[in-house]
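First the structure, in the form of structure tokens, and then the observations on it.
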Amino acid sequence: MKSIIKINEHLTYIESVVSEHQVKNPSVSSNSVGWQIDHSLKVFNNIINYLKTAPTDKASKISISGRLFLGINYIPRGKG
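Under the numbering used here, the first residue of the sequence shown is numbered 241, with each subsequent residue one higher.
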């Protein structure tokens, strides 16, 4: 249940910054806030669609490095 609450918090935050969609901060990213929002929502949708169709035994097929990254709560950037 905690993860649903966190997802709702993230979506509420995303909704609160939609009006700033044209803002850019080059020290953070070369893309606008709107691009970041679009990307985040696409990621949410793809994860949800995957989870709806994924077999329940997927967790046992996670690689050793995947388990390590999940265990330390780290997602490598630029690898996807």
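In this text, a Cβ means the ideal position worked out from N, Cα and C, and glycines have one as well. Bear in mind that the values here come from a model prediction, so they are computed numbers and not experimental data.
Please list, in chain order, all residues of the same chain as residue i whose beta carbon is under 6 Å from its beta carbon, the five residues on each side excluded.
i	result
G274	H261
Round the Cβ separation of residue i and residue j to the nearest angstrom and send it over; I've been treating them as touching at under 8 Å.
i	j	result
I254	I277	6 Å
K264	S272	5 Å
Which residue or residues does DSSP assign as beta-bridge partners of residue i?
i	result
S269	For S269, which the question treats as bridged, DSSP gives no partner whatsoever.
K264	S272
Give me, in chain order, the residues of the same chain whose beta-carbon lies closer than 8 Å to that of residue i; leave out the 5 immediate sequence neighbours on both sides.
i	result
L281	I254
I302	L310
Kindly list the residues whose CB is nearer than 7 Å to the CB of residue i, restricted to its own chain and excluding five residues on each side of it in sequence; keep chain order.
i	result
F284	none
H279	none
I315	F309
Could you check whether the Cβ of residue i sits closer than 8 Å to any heavy atom belonging to the ligand HEM?
i	result
N285	The ligand HEM is not among the ligands present in this structure, which contains no ligands whatsoever.
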